[in-house]
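Data first, discussion second: the structure below is written as structure tokens.
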Amino acid sequence: KAGVTQTPRYLIKTRGQQVTLSCSPISGHRSVSWYQQTPGQGLQFLFEYFSETQRNKGNFPGRFSGRQFSNSRSEMNVSTLELGDSALYLCASSQGQTSSGNTIYFGEGSWLTVV
Amino acid sequence: SQQGEEDPQALSIQEGENATMNCSYKTSINNLQWYRQNSGRGLVHLILIRSNEREKHSGRLRVTLDTSKKSSSLLITASRAADTASYFCATDFHSGGYQKVTFGIGTKLQVIP
Numbered sequence: 001k002a003g004v005t006q007t008p009r010y011l012i013k014t015r016g017q018q019v020t021l022s023c024s025p026i027s028g029h030r031s032v033s034w035y036q037q038t039p040g041q042g043l044q045f046l047f048e049y050f051s052e053t054q055r056n057k058g059n060f061p062g063r064f065s066g067r068q069f070s071n072s073r074s075e076m077n078v079s080t081l082e083l084g085d086s087a088l089y090l091c092a093s094s095q096g097q098t099s100s101g102n103t104i105y106f107g108e109g110s111w112l113t114v115v
Numbered sequence: 001s002q003q004g005e006e007d008p009q010a011l012s013i014q015e016g017e018n019a020t021m022n023c024s025y026k027t028s029i030n031n032l033q034w035y036r037q038n039s040g041r042g043l044v045h046l047i048l049i050r051s052n053e054r055e056k057h058s059g060r061l062r063v064t065l066d067t068s069k070k071s072s073s074l075l076i077t078a079s080r081a082a083d084t085a086s087y088f089c090a091t092d093f094h095s096g097g098y099q100k101v102t103f104g105i106g107t108k109l110q111v112i113p
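Chains as they are written, first to last, in the working numbering: chain A, 1 to 115; chain B, 1 to 113.
Written as structure tokens, this is what we have:
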């Protein structure tokens, strides 16, 4: 079956703009998590959605938000972009919540560059 | 600071040698997982070890877990050039009312042919 699909793969935005990234999980997976990866900070957990509800969240400002739809697809939005938001954004899905020891399957990521 | 931290941050070995990476964490965990990432790509799950397990094997991979020392190690035997990648450990822990999974900074492994 198809893996985790993220779109777009690459995008360039200007400071102050907002961006929406999309993630389609593996069929049958109900949990979707988002991570930000930068060279200096490694993988930082953003939030996790399960059955359309945010179940976990990391330590990111309110400019970072997300949602999950009834078909488990998820979007994350970053408003008022800053240069420091340039990163690889990874989406991951699992059958159950990630903290229950379920294997997490990652997408290829969306490369965001803020100029 | 990170819940899980890998050590060393970078490792360079010759093909055929064994590679050992370590992960230390701070709080009690239920599970620890190891992932691999090729440059600029998504992460790929390698192996999960539960807190009541001490050792697991998968092909050329061997993972150990020492909950008393809050540490885990990943051993790749008979390394190949294709093993060149970054390796991350992921731990789940309870914080601020949430059960979270967090990743370390990773160990960058280079296997020289």
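Each residue gets a CB set at the ideal place from its N, CA and C atoms; glycine is no exception.
In this structure the stretch 24-31 of chain A does not touch the stretch 75-83 of chain A; the number of beta carbon pairs closer than 8 Å is below three. Here A:THR5 has CYS23, SER24 and GLY107 as same chain residues with Cβ atoms under 8 Å from its own Cβ, once five neighbours each way along the sequence are excluded.
DSSP, reduced to helix, strand and coil, places B:ALA78 outside both helices and strands of the structure shown, so it counts as coil. Only residues of its own chain outside the window of five on either side were considered, and among them ARG36, GLN37, ASN38 and LEU109 have a CB closer than 7 Å to the CB of B:ALA85, listed in chain order.
The closest CA to that of A:LEU46, considering only A:THR14, A:ASP85 and A:ARG15, is found on A:ASP85. At a Cβ-Cβ threshold of 7 Å, A:LEU81 and A:GLN37 do not count as neighbours.
In the DSSP annotation of this structure, the continuous segment of the beta strand (DSSP E) that includes A:PHE64 starts and ends at 64-68.
Collapsing the DSSP output to three states places A:LEU43 in a strand. Annotated as distal: B:LYS26 and A:ASN56, with beta-carbon spacing of 7 Å or more.
The beta carbon of A:GLY42 falls within 7 Å of a beta carbon belonging to chain B, placing the residue at that interface.
For A:ALA2, no pairing in a beta bridge is given by DSSP.
Excluding five sequence positions before and after A:LEU21, the CB atoms of its chain that fall closer than 6 Å to its own CB belong to MET76, TYR89 and SER110, given in chain order.
The beta carbon of B:PRO113 lies closer than 8 Å to those of GLU15 and ALA81 in the same chain, with the five residues before and after it left out. Closest option to B:GLU5, judged by alpha-carbon separation, among B:GLU17, B:ILE13, B:ALA19 and B:SER24: B:SER24.
In the three-state scheme derived from DSSP, where H, G and I count as helix and E and B as strand, A:LEU81 is classed as coil. Excluding five sequence positions before and after A:TYR49, the CB atoms of its chain that fall closer than 8 Å to its own CB belong to SER31, VAL32, SER33, ARG55, GLY66, ARG67, GLN68 and SER74, given in chain order. Of all residues in the stretch 35-62 of chain B, those with a C-beta nearer than 9 Å to a C-beta of chain A are TYR35, GLN37, GLY40, ARG41, GLY42, LEU43, VAL44, HIS45, LEU48 and ARG50, reading in chain order.
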